[in-house]
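Just so you know, the protein sequences line up as chains X and L, in that order. Numbering follows our numbering, with no gaps: position 250 of the first sequence is 233. Numbering follows our numbering, with no gaps: position 387 of the second sequence is 391. Glycine residues also receive a C-beta, built at the ideal position from the N, C-alpha and C atoms. For reference, the structure is listed below as structure tokens.
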Amino acid sequence: MQQHSSLSKTAWLFMTPCLLVLFVVAAWPLLRTFMLSLTNARLEDITHAQWIGSANFRDLFVDAEWWGAVTNTLLFAAFSVPCEAILGLMIALVLHKTFKGRGLLRAAVLVPWAIPTIVSARMWGWMLHDVYGIINELLVRLGAIAAPLPWTASPTLSFVTIVLVDVWKTTPFMALLLLAGLQALPQDCFEAALVDGVSRKRIFFRITMPLLRPTLIIALIFRTLDALRVFDLVYILSSGDSNTETMSIYARRHFVDYANVGYGSAAAVCLFFVVALVTVFYINMGRRNILGDA
Amino acid sequence: MTVFLGLCCAAFATHATAAVLKMTCRAKGQELTLCKQAVQQWEKKTGHTVEIVSLPQSSSESFALTQQQLSAHASDVDVYQVDTTWVSFLSTHAVPLDAHFSAQELAAHFPVILQNNTVNGTLIVAPWYADVDMLFYRKDLLEKYGESPPTSWEDLLRIAQKIQENERASGHVRLWGYIFRGKAYEGLTCHVVEWIESFGGTLWPLDTDRVIQAFAFCARLIPTTSPMGVLSYTEEEVRGVFQLGDAVFAHNWPYMWTLTQSEESPVKGKVGITVLPQGQLHGKPASVLGGWGLCVSRYSNHQEAAIDLVRWLTRSEEQHRRALQASYCPTIHALYQDPVLCAAHPFFVHVARALETVVLRPAGAFGRSYSQVSASIANVTQKVLLKAITPEAAAQKLDQDMKTLHKRVTETPATQRATGQ
């Protein structure tokens, strides 16, 4: 007993630095954002903020622009994540096979993910420019479109552009996670199925997919959370209007541009809750699946 | 560690004469190069060192950055390059400069710029260069079609459409009639003020009839004479399109001139500049006062050196050099009569003319809410340009937004006082 308690004491001792760091970098900023969201703090004078209760949230909930931003963000996640999952899965299945030059291809696939988003978004912005962009030039020459398209200016098209560039950028991440999952699958099931003469399609749907599901769910959680707080890509690629604004951009606009720290924090808190809600949903789904399988 | 660094700095400040200063500088067009050249001369003269921090291209983003630094009372940057609309925010963060310039030196600048840079009778921003939106046009194309530069917006649309149609028919399919800064940011707000003022109205207090007229004009632009793409253009995208020869008219700042006349520019020798057109009946050509100045941070540890740097950068010789080399417009009126400058940039006559009748953005009236007002103006105008909202509804929405924000501005000082004590 004595030994047990001293063991647990040692464990706490070893964990303290880690917990402290977590508190400083995660819990404290979060707590402070919660506190600020209930005040009328402004950037130029944070120390003299007044407690104003839920007024920021009441303003936020009646602001059509906020709900526009929420809709934009949810739509962005709903379109980009499934595309990335399907494409990523396809790429992962290909890369899982043994063929010549596989190592090189695996490395090459990661390039879009390795470039910082700001850089690649800027790059795409130039390539997609309506007058001197290379993409319009190519498409016009190929006869695919009659006239250059305003990829980043038209409200509907710029949304499509943002989703496409995001798919380009993050499919490699999805592929990599799923590839790791594929490689960890027990080979004996596949061998047994092959011996029994099960068709490839059946193997995929009955063995590969169920076994891969936990990995897939983790990959989806990562991507969805990333998509819900998307900022840089949209910030660079859109024309700065409310048609493509996401929750993060809305929060930043009020927090940084308008120096309205209290209101911006309220938006950030709501963003936090949306993300938390989605996470809980996913984790529940994952747990049900795992239980169901067992 | 901090104490040690602090001691080091203190020792450095008292014993060594050379200080290390930091200043922000924009990187639009040739600005950064010009800034570095001038700063190097000053470094040689004084023995101090200056580190240049480059600012984002967009004025709104630059403001966010500057605001963050100054609100945190950070001493990292000593000299800031600041836009005309930031003055009311800067009032509590910038060092008064009146005492460091002689009355004669001050009187040399355009009064409207000094007035803009002064808060409660104190000059806090030293004028560095002026900016007024101008109309750039393709001399060769206008001549080809027997047209002279337009004086009214109606004229502009007619000429733009005519040249665009004919040139497209003869193979130049990418040509557009009229381009401007249409991204939802400060650059578009400038245009809106110009459109409204050139129709004889004012944006604040909002003159409904004239604003509707100006918006009705905006609604006719896309896709007749302007590409949908303008909605994502800032200064440099406008220059890109115009410099490639793909636009007849461009509405932008004068810095564009030198670059369109550079050796590698496809439109070299084919560009003309004039004042902006006016609305047909009751208008006047109206350009917004743009341009940037320099201010010294109150939190700077090297204020004396910083003020000297500001004096060096804003003096007449330096403004002359910047004007000659890169067509940045001087804030000193005598320079517009300078024979060398006039010979190099014949269009300076128009700039001087525009500066005489320049209009101010409503930054003073809205104080710290200005960036929010500006965002609302730009956003509403984008909707008008897209025809997503009628000019009437847009004018009404704008009026509402501005009134709400103005009310907030006039109300806040009281609460601020209450909290401050």
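Would you mind working out which of the options sits nearest residue i, comparing C-alpha positions?
i, options, result
"L/Y182", "L/L25, L/L235, L/Q323 and L/A173", "L/L235"
"L/K148", "L/F140, L/N170 and L/E322", "L/N170"
"X/N243", "L/Q376, L/T53 and L/Q61", "L/Q376"
"X/T22", "X/I35, X/H31, X/Q170 and X/Y265", "X/I35"
"L/S380", "L/A398, L/A220 and L/A392", "L/A398"
"L/E55", "L/H354, L/D250 and L/V81", "L/V81"
"X/Q33", "X/I219, X/D42, X/V261 and X/M18", "X/M18"
"X/N39", "X/L26, X/D179, X/R183 and X/A251", "X/A251"
"L/A392", "L/E239, L/I226 and L/H324", "L/I226"
"L/E198", "L/A78, L/T408 and L/T361", "L/T361"
"L/V314", "L/K272, L/P131 and L/S58", "L/P131"
"L/T228", "L/A251, L/E35 and L/Q247", "L/A251"
"L/K387", "L/R319, L/P270, L/T414 and L/A223", "L/A223"
"L/S66", "X/F156, X/A(-6), X/D240 and X/F59", "X/D240"
"X/I145", "X/R89, X/A60 and X/L195", "X/A60"
"X/V77", "X/M230, X/L165, X/M268 and X/T227", "X/L165"
"X/F188", "X/L72, X/D28, X/A24 and X/L58", "X/L72"
"L/M232", "L/L74, L/L389, L/D211 and L/Q44", "L/L389"
"L/N120", "L/E109, L/A107, L/A134 and L/L402", "L/A134"
"L/E322", "L/Q44, L/K32 and L/A347", "L/Q44"
May I have the straight-line CA-CA distance separating residue i from residue j, to the nearest angstrom?
i, j, result
"X/V92", "L/W180", "39 angstroms"
"L/R302", "L/Y189", "29 angstroms"
"X/Y246", "L/Q400", "25 angstroms"
"L/V83", "L/K166", "49 angstroms"
"L/I128", "L/L25", "19 angstroms"
"X/R15", "L/Q284", "56 angstroms"
"X/L140", "X/W134", "6 angstroms"
"X/V114", "L/R178", "7 angstroms"
"L/Y141", "L/H306", "46 angstroms"
"X/L216", "X/V123", "26 angstroms"
"X/L211", "L/L328", "50 angstroms"
"X/V64", "L/Y237", "29 angstroms"
"L/A356", "X/C66", "56 angstroms"
"X/T(-7)", "X/V4", "18 angstroms"
"L/N383", "X/W49", "14 angstroms"
"X/S(-11)", "X/T(-1)", "15 angstroms"
"L/C333", "L/H349", "10 angstroms"
"L/S58", "L/T262", "21 angstroms"
"L/A422", "L/R30", "Residue confidence is low: L/A422 scores 37 on pLDDT, short of 50, so the model does not pin down where it sits. Its coordinate-derived value is still stated next. Their backbone Cα atoms lie some 38 angstroms apart in a straight line."
"X/H31", "X/A24", "7 angstroms"
"L/T414", "X/A52", "29 angstroms"
"X/E27", "L/L74", "8 angstroms"
"X/V102", "X/R183", "41 angstroms"
Tell me the residue span of the beta strand (DSSP E) that contains residue i.
i, result
"L/G276", "V275 to T278"
"L/F140", "M138 to R142"
"L/V24", "V24 to R30"
"L/E268", "Here L/E268 belongs to no beta strand (DSSP E), and DSSP marks it neither H nor E."
"L/I183", "W180 to I183"
"X/E228", "Careful: X/E228 lies outside any beta strand (DSSP E) and carries neither H nor E."
"L/I56", "T53 to L59"
Checking 9 angstroms against the spacing of the C-beta atoms, do residue i and residue j come in under that value?
i, j, result
"L/A432", "L/V300", "Here chain L has residues from 5 to 425 only, and residue 432 of chain L is not among them."
"X/V56", "X/V257", "Before going on, a small fix: residue 56 of chain X reads as Thr here, not Val. Their beta carbons are under 9 angstroms apart, which means X/T56 touches X/V257 by this criterion."
"L/T70", "L/T96", "no"
"L/V86", "L/G297", "yes"
"L/W208", "L/P395", "no"
"L/S92", "L/G371", "yes"
"X/G108", "X/I219", "yes"
"L/L364", "L/L293", "yes"
"X/L70", "X/V150", "yes"
"L/L345", "L/A42", "no"
Looking at the unbroken alpha helix (DSSP H) that takes in residue i, where does it start and where does it end?
i, result
"L/L359", "F352 to E360"
"X/R183", "R183 to I186"
"L/G297", "That residue, L/G297, is in no alpha helix (DSSP H); its beta strand (DSSP E) goes L293 to V300."
"X/L63", "Looking at the sequence itself, residue 63 of chain X is Ser, so the reference to Leu does not match. Counting along the chain, the alpha helix (DSSP H) containing X/S63 begins and ends at A47 to H79."
"L/N256", "Premise fails: L/N256 lies in the beta strand (DSSP E), A251 to N256, not in any alpha helix (DSSP H)."
"L/E198", "E190 to S202"
"L/F219", "T212 to A223"
"X/R189", "Here X/R189 belongs to no alpha helix (DSSP H), and DSSP marks it neither H nor E."
"L/N305", "Counting along the chain, L/N305 falls outside any alpha helix (DSSP H), and DSSP gives it neither H nor E."
"X/D171", "Q170 to V178"
(request) Let me know the beta strand (DSSP E) ranges lying completely inside the region 317 to 342 of chain L, each 3 residues or longer, listed in chain order. (result) Entirely contained in the region 317 to 342 of chain L, not one beta strand (DSSP E) run reaches 3 residues.
(message) At 4 residues or longer, what runs of the alpha helix (DSSP H) sit wholly inside the region 83 to 159 of chain L?
(response) Those alpha helix (DSSP H) runs which fall completely within the region 83 to 159 of chain L and span 4+ residues are 91 to 94, 107 to 111, 115 to 120 and 143 to 148.
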